Amino acid sequence: MTIEFGADGSFGAAAEVWDYEKASEFEMTPDGENAKSATQAAYGQCITEIDPVLAGDVCIAGMPIWGGYIYYDYSEPRIVETTMGDLVTDAFKHCGEIFADKNGLALPAVGVENGGEVSSTLPYGIVTRGDILNAFNHGNTVEVIKATPSKIYTALEDGTELSKDDDSTELLIVTNNYVTGFDGFSECETLGEIGGEDQIMTDYILGLTNGSADTLTVENIAGRINIANDKSPETYEVVIPVRTSDGSDCDFTGKEVEIVVDNGEPVTAKIEADGVHMSVTKGPHMFYMPACSDEIPVYTNNYSGSGTVTTADGYYHLYFTAEPSVIEAAGE
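Written out as structure tokens, the structure is:
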């Protein structure tokens with residue numbers, strides 16, 4: 000893998016798969032200890048040089064941009080639509096439109112990302128280049144291919160309402176080089192490569208935030224993915240325990256607090272013995288308490304069990320953190 004750093008702090012990576020013949024061109028030392036020492040030294044040098052770059056601030060996020068493994072052993076973007084998935088496909092579509100304009104292509108652009116590539120959540124607060132690289136940590140590049148609805152239908156394995164018989168309408172598909180190997184897409188013409196996923200996301204976020212001057216906000220999921228033949232109840236109950244920051248016992252039962260759901264208007268909820276009970280429509284949701292300004296929002300999803308399933312010891316993975324004085328003040 001080759002990692003290149005620009006004078007402006009930008010970076011990108013390109014990988015090449017070596018077969019046996021290619022690897023045989025390089026002399027390997029038989030001295031295991033020397034090889035280990037040389038590898039450790041090279042790694043240390045790499046970390047020394049790359050750490051300041053990865054620590055560089057990109058923007059301030061007004062909320063977590065959800066993706067990857069949040070609470071459980073399930074990758075949320077593999078199951079449902081997430082705000083991170085929406086953000087990355089918006090970025091791909093944007094790049095595709097620029098590519099089409101530069102190359103005189105009067106074709107609509109479609110951004111496609113596989114759920115497994117959205118590896119983590121961008122944090123609430125400061126987002127660094129390292130956070131973005133961690134979210135797109137497979138080193139994939141983004142390519143533009145020309146496809147028809149039938150090819151998209153094949154690649155997504157019936158997960159779309161596009162006509163599987165339309166093989167004449169041309170579209171620009173902007174996706175990573177892993178997805179272009181899917182059945183259907185692998186048969187399509189590749190028109191170009193437009194950069195690494197992490198750099199594309201960094202540039203797109205800087206554009207959205209006016210060069211990091213504005214706060215990054217992805218309001219809610221956009222309703223782009225629907226589950227076929229979904230037999231889940233239309234609503235489900237979320238229970239969010241309320242704890243003190245140091246984990247000490249404090250009985251908040253009966254206290255009233257304001258809760259914001261999915262960036263909507265605050266609603267008043269009463270704290271029960273086991274926490275705040277909220278009824279929401281099926282699908283993923285975000286909750287936070289405005290009274291706790293440093294509170295990290297929590298995420299629930301009935302399809303993965305986040306916020307609806309307890310662990311073996313009876314505890315949920317998510318909870319609100321609040322001090323007694325804050326709860327008392329909120330209820331006045």
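As numbered in numbering that gives the first Met the number 0, the sequence shown has no gaps in its residue numbers, which increase by one up to the final residue, 331. Just so it is clear, CB atoms sit at the ideal spot from N, CA and C, and this is done for glycine as well. All values derive from a computational prediction rather than experimental measurement.
| query | result |
| --- | --- |
| For Phe286, write down the residues that DSSP places opposite it in a beta bridge. | Val260, Val297 |
| Which of the three DSSP states is assigned to Gly5 in this structure? | coil |
| Quick one: what does DSSP say Met277 is sitting in, helix, strand or coil? | strand |
| To the nearest angstrom, how far is it from the Cα of Ala90 to the Cα of Tyr203? | 6 Å |
| Mapping DSSP to helix, strand and coil, what is Glu112? | coil |
| Taking the straight line between their C-alpha atoms, what separation do you get for Pro242 and Phe319? | Sequence inspection shows Arg at residue 242; the Pro mentioned does not correspond to that position. The straight-line gap from Cα to Cα measures roughly 6 Å. |
| Three Cβ pairs or more, each shorter than 8 Å: is that satisfied between the region 115 to 123 and the region 59 to 78? | yes |
| Count the other CB atoms, across all protein chains shown, that sit within 10 Å of the CB of Pro289; report buried if there are 16 or more and exposed otherwise. | exposed |
| Nearest by alpha-carbon distance to Asp333: which of Val126, Gly191, Lys145 is it? | This structure cannot settle anything about residue 333, because the visible part of the chain is limited to 0 through 331. |
| Output needed for Val279: all residues of its chain with C-beta closer than 7 Å, excluding positions within five of it in sequence on either side, in chain order. | Thr234, Tyr235, Val237, Val260 |
| Where in the region 148 to 216 do unbroken runs of the beta strand (DSSP E), each at least 3 residues long, occur, reported from the N-terminal end onward? | 170 to 175, 188 to 195 |
| Name the residue from Ala108, Phe286, Ala221 whose alpha carbon lies nearest to the alpha carbon of Leu170. | Ala108 |
| Bridge partners of Lys347, per DSSP? | Here the chain covers residues 0 to 331 and nothing more, so residue 347 does not appear. |
| Suppose you measure from the CA of Gly313 to the CA of Thr1; what does that come to, to the nearest Å? | Bear in mind that the predicted position of Gly313 carries a pLDDT of just 47, short of 50, making it unreliable; the figure below should be weighed with that in mind. Whole-angstrom Cα-Cα distance: 47 Å. |
| With 16 other CB atoms within 10 Å as the buried threshold, where does Thr47 fall? | exposed |
| Taking its Cβ as the centre, do 16 or more other Cβ atoms sit within 10 Å of Arg128, making it buried, or is it exposed? | buried |
| Tell me whether Phe135 sits in a helix, a strand or coil according to DSSP, three-state version. | coil |
| Tell me Ser305's beta-bridge partners as DSSP assigns them. | Asn300 |
| Please state the DSSP three-state secondary structure of Glu233. | coil |
| What does DSSP give as the partner residues of Gly124 in its beta bridges? | Ala60 |
| Under three-state DSSP, which class holds Thr140? | strand |
| Relative to the C-alpha of Ala221, which candidate in Ala13, Val87, Gly5 has its C-alpha closest? | Val87 |
| Looking at C-beta atoms only, is the number of pairs between the region 175 to 185 and the region 136 to 154 that lie closer than 8 Å three or more? | yes |
| Name the DSSP bridge partner or partners of Phe319? | Val241 |
| Looking at C-alpha atoms only, which residue of Ala268, His93, Ile59 is the closest neighbour of Leu215? | Ile59 |
| Between Phe98 and Lys150, which are expected to be in contact by the criterion C-beta below 8 Å, what is the C-beta distance as a whole number of angstroms? | Not a contact, Cβ separation roughly 18 Å. |
| Identify, in the order they occur along the chain, each residue of the same chain with its Cβ nearer than 8 Å to the Cβ of Trp65, setting aside the five sequence neighbours on each side. | Glu75, Thr81, Thr82, Met83, Thr120, Pro283, Met285, Tyr298 |
| At what residues does the alpha helix (DSSP H) containing Glu334 begin and finish? | Examination of residue 334 is not possible in this model, given that the chain is present from 0 through 331 alone. |
| Taking Cβ to Cβ, would you say Pro296 is nearer than 8 Å to Pro51? | no |
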